[in-house]
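A.B. asks: At position 150 of the sequence shown the residue is numbered 150 (this note's numbering), and the sequence of numbers has no breaks. One structure coming up, written as structure tokens, with questions to follow.
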Amino acid sequence: MFLESRGIILYILIIILLLVAGDLMAEDILLLTINLEKEPFSPLAKDLEKTFEKKTKLEEYNLDISFSYNYKRGQFHSSSILNRLKDIFATEDIILGILDVDLYVEGLNFIFGEAQPLNRIAVISVKRLRQEFYGLSEDKDLFYQRILKEAVHEIGHIFKLSHCPNPKCVMHFSNSLRDTDIKDFRFCPICERRLNIK
Ligand SMILES: [Zn+2]
Ligand SMILES: [Zn+2]
1 MFLESRGIIL YILIIILLLV AGDLMAEDIL LLTINLEKEP FSPLAKDLEK
51 TFEKKTKLEE YNLDISFSYN YKRGQFHSSS ILNRLKDIFA TEDIILGILD
101 VDLYVEGLNF IFGEAQPLNR IAVISVKRLR QEFYGLSEDK DLFYQRILKE
151 AVHEIGHIFK LSHCPNPKCV MHFSNSLRDT DIKDFRFCPI CERRLNIK
């Protein structure tokens, strides 16, 4: 009887320890503006903090990314940049790098962003999110909405969410900017539920 209750107390202590450790290990989001001033991205840091309920730090980081440049394509190889960032920032935090260069991966003409969920790191580029890129006049609000959607989408991948068939859901795959404009910056109820489980 005595041994049994000691066992229960030990069990409860282990559970408390696990809960405390889990809280200590709760990661933050590190938003890195790569070769870009961080100030314009303060609203994004706030919105990401609200969306994922995680402390979001905003930092500027200068990185020579010429190693990832493909002269034939005139674009930067996104996966190489992710690998380099992963080596530089050995952290438990979730990292989202923001760049202003044209990104690609093999098999696609261009990408808005890429995530490596296992390494808990992602990048997005704002290059193709500006109206000016398409010869249209500047629209700051639309530009920001697009950045927010792409950022939430890539961090969603880090939380192990895959692409969602719902075109209004932020996890819907953007083949073109039109897809980005159609979707919301929020998760659909199904993705939201999956996100909360993790
Ligand atoms: Zn995606
Ligand atoms: Zn969804």
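Quick reminder that beta carbons are idealized off the backbone N, C-alpha and C, glycines included.
(1) Does the beta-carbon of S66 have 16 or more other beta-carbons within 10 angstroms, so that it is buried, or is it exposed?
(2) Take the Cβ of L108 as the centre, count every other Cβ of all protein chains shown within 10 Å, and call the residue buried at 16 or more, exposed below.
(3) How about N166: is its Cβ closer than 8 Å to a heavy atom in ligand 2?
(4) Among L44, A122, L161 and R178, which has the Cα closest to the Cα of F187?
(5) Could you tell me the boundaries of the alpha helix (DSSP H) in which E59 lies?
(6) When you measure from the CB of H77 to every non-hydrogen atom of ligand 1, does any distance come out below 8 Å?
(7) Buried or exposed, going by whether 16 or more other CB atoms sit within 10 Å of the CB of I94?
(8) Can you tell which of G74, L103 and E39 has the C-alpha that lies nearest to the C-alpha of L82?
(9) Around the C-beta of D23, are 16 or more other C-beta atoms found within 10 angstroms, so that it is buried, or is it exposed?
(10) Less than 8 Å separating the Cβ of R159 from some heavy atom of ligand 1?
(11) Below 7 Å CB to CB, which residues in the same chain sit around I111 once its five sequence neighbours on both sides are set aside?
(12) Taking T180 as part of the alpha helix (DSSP H), name the residues at either end of that continuous run.
(13) Is the beta carbon of S68 less than 9 Å from the beta carbon of L58?
C.D. replies: The relevant details are as follows:
(1) Classification for S66: exposed.
(2) L108 should be labelled exposed.
(3) Because some heavy atom of ligand 2 lies under 8 Å away, the Cβ of N166 counts as near it: yes.
(4) Here the closest residue by C-alpha is L161.
(5) E59 -> not in any alpha helix (DSSP H); beta strand (DSSP E) instead, spanning T56 to Y61.
(6) Not so, every heavy atom of ligand 1 lies at least 8 Å from the Cβ.
(7) So I94 ends up on the buried side.
(8) When only C-alpha atoms are compared, the closest one is L103.
(9) For D23, the predicted model reports a pLDDT of 45, less than 50, meaning its position is unreliable and no value from the coordinates is stated.
(10) Strictly speaking, residue 159 in this sequence is Phe, with Arg absent from that position. Flag unset: Cβ of F159 not near ligand 1.
(11) Excluding sequence positions up to five before and after I111, its CB lies within less than 7 Å of the CB of S78, L103, Y104 and V105, all in the same chain and listed in chain order.
(12) From DSSP, the alpha helix (DSSP H) with T180 extends over L177 to I182.
(13) No, these two residues do not count as a Cβ contact at 9 Å.
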